[in-house]
Amino acid sequence: MTEAPPVSYKSRPGDLVVARPEGLYCPPGDFYIDPWRPVERAVITHAHSDHARTGHTHYLAHTDSEGTLRTRLGAGIDLQTLGYGEAIEQNGVRISLHPAGHVLGSAQVRLEHGGRVWVASGDYKTDADGTCTPFEPVRCDTFITESTFGLPIYRWPTQAELIVDINAWWQRNADEGRASVLLCYAFGKAQRILHGVDASIGPIVVHGAVEPLNAVYRAAGVALPPTFRVSDPGVDAQMLKRALVLAPPSAQGTPWMRRFGNYVDAFASGWMQLRGTRRRRGVDRGFVMSDHADWPGLQKAIAGTGAERIFVTHGSVAILVRWLNENGLEAQGFKTEYGDDDVADRAMPTDEATGARKAGASDGAAAGLPADASDAVDATDAATGTTP
Amino acid sequence: MKAFAALYRELDATTSNLAKQSALRAYLRAAAPADAAWAVYFLAGGKPRQLVPTKLLRAMAQEAAGLPEWLFDESYDAVGDLAETLALLLPPPTEGHELGLAVWVERHLLPLRALGKSAPETLPDVLRAQWRQLAADERLVYFKLMTGSFRVGVSRLQVTQALAAVGEVDAKRVAQRLMGYTHIAGQPTPADYAALIAPESDGELDRKTSGQPYPFFLAHPFALPLEQFDAVLGSPADWIIEWKWDGIRAQIVRRAGAVSVWSRGEELVTDRFPELAAMGQALPDGTVIDGEIVVWRGDAPVADPVPGAAIGALDEASADFNEDMKEGIGEGRVQPFAELQRRLGRKTLGAKLLREIPVVLLGYDLLEWEGRDLRATPQRERRALLDRLILDLRHPQLLESPMLTGATWVDLARQREAARSMGVEGMMLKQRDAHYGVGRTKDVGTWWKWKIDPLSIDAVLIYAQRGHGRRASLYSDYTFAVWDGPPGSAERRLVPFAKAYSGLTDAEMGRVDAVVRKTTIESFGPVRSVKPTLVFELGFEGIARSTRHKSGIAVRFPRMLRWREDKPVEEADSLETLAALLPAVP
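Residue numbers (my numbering), protein chains in the order written: chain A, 1 to 388; chain B, 1001 to 1586.
Below, the structure written as structure tokens:
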């Protein structure tokens, strides 16, 4: 991904959000949004680990995030929840949460104070996927947007096209009697896939990191097909031959995978849009699937807010800032510490085990030339991602 | 076109050779011969001449996508491949088509070249009309064909194997038939394709006329401590000992008036080495020589032998050759492998290139003589016949790989110390009585390779650049520096001396990439300067003074041997340590 050097940032008196070492801070309200260091009051946009961190005194989040937040950060955290559109006041700042379409419970944070309205997007995705409330544009003066996929090369297939591809892949593998292992984040993507796929193709088995989140989604009323754990009775080699297996990326190359025999693997991520990343990842198949907005999605979301001033966070900050400025908006970058999960998603490998497994036998055949050593090892990854 | 795009996607998606083979075969079996003819042409490395200037494609894609140039460039940077960038940035198609690959290539793509000359002003509209019809994956293939960088992780050898399977023909036979198939501006027809997979003719089947090589006999690494040599190998007198050349292993096959040059991968490389093909023409029919292709400059060492002279004359020549070689590669003789690579990298071999980078075959074995298979003849006898042949032929492109002698292994180990300055990889040890086996067999005698260790130095990473293709977006190409003063000296600086991009596992590279991003000082396009925090042990095969490098030193084949996470940057090596590795001869 293209990353530009940090963009200098200037705040103005009266700004509702400023960058501080602890995180994005609202001076009149005296609270933070998704801070990365422990603070007194934190508004949490969603429960992915780079946004919801431990150690804050008071938490405010959407009702649907409660389950995941308490599981991850401790049942005893001091957490207040709001529904979408519901508002509270904090030191005269009116705070309300609005659907971000990223994962279950994800919210944009709307701040209103002294006649000005700011919206912090957290992470968002503009297309509906059926597992969380779809993104809604919120009118504001200033919009703080993410930029994970802030390049025009990123355009996602529709959810329907994606599901057709996944079904076809699963069906073909099942017909060949091979398990289909689909690596995806345990929180959000796994449930999107479950919600969409055709469960009549075969049984669905999930990794231990995925099932607790399925429970959270089911409790929130999201329809998911029945899922098995590998330890469940009836799960045997025969059954696994037709199975779709959902596992977090960290499972790639671990002994846990051995039970699936001669499986076919795939990885679901927006980064799979690029051949280079797909090949580095070293899986048989890449599905282009993200819970972030693609380039058109970012443009549509930004335009939909009507904001004239834009702050850009994590991702292609410099690029999006320049693009927006060239298109008549006043844009600046905010330096944040979000996006670790997405960076890891880019196939930054930390596990060599499967490299050996899938080592392509490129023995430098051409005219007996020495092979580039690194070509022999395929990329794998043990990024733990956002698994709670 | 759709089927070919699907094939491309399938080939691209998999890392498994088996899966690639099965995809290739399935495509070839299902495709119309006209389409298969073109598919083989492109997959085996054929390229049309430039159809549309790249600059025009870029400009039009920017316009179609409504992007400023800088954003196009940023996108290209992230993707690392022009064809893919173009395919990703164009707006979605609005029409469809059902045309096959051959129709697209012959009626739409190839005519663009002429159109660009006769009516360039019409080119943009024609291109836009084509784009409107092509789905995203077809566009990728389409631009790949246009930009002439059709790489999809399939080697010519794999294509050869797939054709062999589809036609049920020997793969080496297919390789021979593929000769000339992929020449630039080729126009393969259904008949050409049919000929590739046709059953073998009688002429092809008869060894006398077949042009096929013998399976190569391969060496095993030998890495025992010197004191065990006598116990394991016996006396050096039982061995034929030669330098291990750093070139391309090859067989020259001369039969029925034709010459084939085969590389070790059983790849036919005759057209890459026309001077060796010419030399082959000077051999009598029924001759197969095994040897090493190397770049050679200077006079042949066998300057003026008497035709028909005793074999002893050649031994003297051998000694002269060895002396000459030891004087250093800078003065002529065998040139570094990098020179050979320069030549391999070229698409066309012009007269100038052939003059600048001339090759010879250093012959070391004779596998067939007067039509007779010599492989079951002892090594020493084959060698004696080869020496006689070389002496009689006196061809400037056929030299002997000289034999080395030593009373003891200790003596030979001493001689081996010259290997580095000669640019060779070590020594080859061949049992005098060995037959010529098949592959890595040891049952009829053994060949050992006794290689030297690489030079190494601990250096500091100071610049990182994003890679291409599979490594696009990843900081994978690094510049390394050493200190210009000893530890503790005030104001010492890091001086760059080598670039390296291989040797790390993908896992390590991923971690280095993360550090690069966190420790960036400045970005210049795709390059970042970083705070010096990373130390690597760099290995290299040779070292020489150089006026082109700031450090005054150039190293050969630098690569990362390991990441010295245990070593602080202050303890990395200095220019002085590096210079100490320079050969004594200036």
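The C-beta atom is built at its ideal place from N, Cα and C for all residues, glycine as well.
On a predicted model such as this, the values are computed, not experimentally measured, just so you know.
Could you give the first and the last residue of the continuous alpha helix (DSSP H) run that contains residue i?
i: residue 99 (chain A); result: Taken as a continuous stretch (DSSP letters only), residue 99 (chain A) belongs to no alpha helix (DSSP H), being part of the beta strand (DSSP E) at 93-99.
i: residue 1560 (chain B); result: Not the alpha helix (DSSP H): residue 1560 (chain B) falls in the beta strand (DSSP E), residues 1559-1563.
i: residue 1587 (chain B); result: In this structure chain B extends from 1001 to 1586, so residue 1587 (chain B) is not present and cannot be described.
i: residue 1451 (chain B); result: Unbroken run through residue 1451 (chain B) is the beta strand (DSSP E), 1447-1451; no alpha helix (DSSP H).
i: residue 1471 (chain B); result: No alpha helix (DSSP H) holds residue 1471 (chain B); DSSP gives it neither H nor E.
i: residue 121 (chain A); result: It is not in any alpha helix (DSSP H) - residue 121 (chain A) carries neither H nor E in the DSSP assignment.
i: residue 1176 (chain B); result: 1171-1178
i: residue 1142 (chain B); result: 1136-1147
i: residue 1159 (chain B); result: 1156-1167
Could you check whether the Cβ of residue i sits closer than 8 Å to any Cβ belonging to chain B?
i: residue 50 (chain A); result: no
i: residue 280 (chain A); result: yes
i: residue 53 (chain A); result: no
i: residue 254 (chain A); result: no
i: residue 319 (chain A); result: yes
i: residue 401 (chain A); result: Since the first and last residues shown for chain A are 1 and 388, residue 401 (chain A) lies out of range.
i: residue 276 (chain A); result: yes
i: residue 294 (chain A); result: no
i: residue 313 (chain A); result: no
When you compare the CB positions of residue i and residue j, do they come within less than 8 Å of one another, or not?
i: residue 1454 (chain B); j: residue 1541 (chain B); result: yes
i: residue 1290 (chain B); j: residue 1193 (chain B); result: no
i: residue 1378 (chain B); j: residue 1342 (chain B); result: no
i: residue 1536 (chain B); j: residue 1509 (chain B); result: no
i: residue 188 (chain A); j: residue 103 (chain A); result: yes
i: residue 1173 (chain B); j: residue 1138 (chain B); result: no
i: residue 1528 (chain B); j: residue 1478 (chain B); result: no
i: residue 1260 (chain B); j: residue 1250 (chain B); result: no
i: residue 277 (chain A); j: residue 313 (chain A); result: no
i: residue 1428 (chain B); j: residue 1219 (chain B); result: yes
i: residue 288 (chain A); j: residue 152 (chain A); result: no
i: residue 194 (chain A); j: residue 204 (chain A); result: yes
i: residue 119 (chain A); j: residue 109 (chain A); result: yes
i: residue 246 (chain A); j: residue 147 (chain A); result: no
i: residue 1024 (chain B); j: residue 1158 (chain B); result: yes
i: residue 1167 (chain B); j: residue 1198 (chain B); result: yes
i: residue 391 (chain A); j: residue 100 (chain A); result: The structure shown does not extend to residue 391 (chain A), since chain A is modelled only from 1 to 388, so the question has no answer here.
i: residue 1128 (chain B); j: residue 1094 (chain B); result: no
Along the beta strand (DSSP E) that carries residue i, what are the first and last residues, could you check?
i: residue 142 (chain A); result: 142-147
i: residue 1440 (chain B); result: That residue, residue 1440 (chain B), is in no beta strand (DSSP E); it is neither H nor E in DSSP.
i: residue 1359 (chain B); result: 1359-1369
i: residue 1494 (chain B); result: 1494-1500
Got a sec: is the Cβ-Cβ distance from residue i to anything in chain A below 8 Å?
i: residue 1065 (chain B); result: yes
i: residue 1186 (chain B); result: no
i: residue 1013 (chain B); result: yes
i: residue 1585 (chain B); result: Low confidence applies here, because residue 1585 (chain B) scores a pLDDT of 42, under 50, leaving its location unreliable; read the following figure in that light. No - not a single Cβ of chain A is within 8 Å of the one on residue 1585 (chain B).
i: residue 1068 (chain B); result: yes
i: residue 1138 (chain B); result: no
i: residue 1260 (chain B); result: no
i: residue 1078 (chain B); result: yes
i: residue 1071 (chain B); result: yes
i: residue 1173 (chain B); result: no
Say the cut is 7 Å; is the CB of residue i nearer than that to a heavy atom of the ligand MG?
i: residue 316 (chain A); result: This structure lacks the ligand MG, and indeed carries no ligand of any kind.
- prompt: Between the stretch 1410-1420 of chain B and the stretch 1388-1398 of chain B, do at least 3 Cβ pairs fall closer than 8 Å?
  reply: Counting Cβ pairs under 8 Å, fewer than three are found: no touch.
task: At 3 residues or longer, and completely inside the stretch 1230-1307 of chain B: list those beta strand (DSSP E) runs for me, N to C.
output: When DSSP assignments are scanned along the stretch 1230-1307 of chain B, the uninterrupted stretches of beta strand (DSSP E) that are 3 or more residues long and fall wholly within it turn out to be 1239-1243, 1248-1255, 1258-1263, 1287-1297.
message: As an exercise, report each continuous alpha helix (DSSP H) stretch of at least 4 residues that is fully enclosed by the stretch 232-314 of chain A, in chain order.
response: DSSP assignment within the stretch 232-314 of chain A yields the following whole alpha helix (DSSP H) runs of 4 residues or more, N-terminal first: 237-240, 275-281, 295-305.
- request: May I ask you to verify whether the stretch 300-314 of chain A touches the stretch 1028-1039 of chain B, counting CB pairs closer than 8 Å and requiring at least 3?
  value: No, because fewer than three Cβ pairs between the stretch 300-314 of chain A and the stretch 1028-1039 of chain B fall closer than 8 Å, the two stretches do not touch.
task: Spell out a yes or no on whether the stretch 1038-1053 of chain B and the stretch 1432-1444 of chain B are touching, meaning 3 or more CB-CB pairs, one atom from each, closer than 8 Å.
output: Segments in contact, no.
- prompt: Which runs of the alpha helix (DSSP H) fall wholly inside the stretch 1036-1083 of chain B and span at least 4 residues, in chain order?
  reply: Counting only runs that start and end inside the stretch 1036-1083 of chain B, the alpha helix (DSSP H) elements of at least 4 residues fall at 1054-1065, 1069-1079.
message: In chain order, what are the residue ranges of uninterrupted alpha helix (DSSP H) at least 4 long that sit wholly in the stretch 129-178 of chain A?
response: Every unbroken stretch of the alpha helix (DSSP H) spanning 4 or more residues and falling wholly within the stretch 129-178 of chain A is given here in chain order: 159-175.
field: Every unbroken alpha helix (DSSP H) within the stretch 1517-1574 of chain B, with a cutoff of 4 residues, ordered by chain
entry: Fully enclosed alpha helix (DSSP H) runs of 4 or longer: not present.
message: For the structure I just gave you, are there three or more beta carbon pairs, one from the stretch 267-286 of chain A and one from the stretch 75-90 of chain A, closer than 8 Å?
response: Contact between the stretch 267-286 of chain A and the stretch 75-90 of chain A is absent: fewer than three C-beta pairs spanning the two stretches fall below 8 Å.
- prompt: Okay, do the stretch 1546-1563 of chain B and the stretch 1490-1500 of chain B touch, 3+ Cβ pairs below 8 Å being the bar?
  reply: A contact is defined here as three or more CB-CB pairs under 8 Å, and the stretch 1546-1563 of chain B meets this definition with respect to the stretch 1490-1500 of chain B.
task: Report yes or no: do the stretch 224-242 of chain A and the stretch 165-182 of chain A share at least 3 C-beta pairs separated by less than 8 Å?
output: As far as the Cβ criterion goes, the stretch 224-242 of chain A touches the stretch 165-182 of chain A, which means the pair count is three or higher.
- prompt: Taking one C-beta from the stretch 54-63 of chain A and one from the stretch 8-26 of chain A each time, how about it: are there three or more such pairs within less than 8 Å?
  reply: By the criterion of at least three beta-carbon pairs nearer than 8 Å, the stretch 54-63 of chain A is not in contact with the stretch 8-26 of chain A.
- prompt: Where are the alpha helix (DSSP H) runs, 4 residues long or more, that stay fully inside the stretch 57-84 of chain A, in chain order?
  reply: Within the stretch 57-84 of chain A, the alpha helix (DSSP H) runs of at least 4 residues that lie entirely inside it are, in chain order, 66-73.
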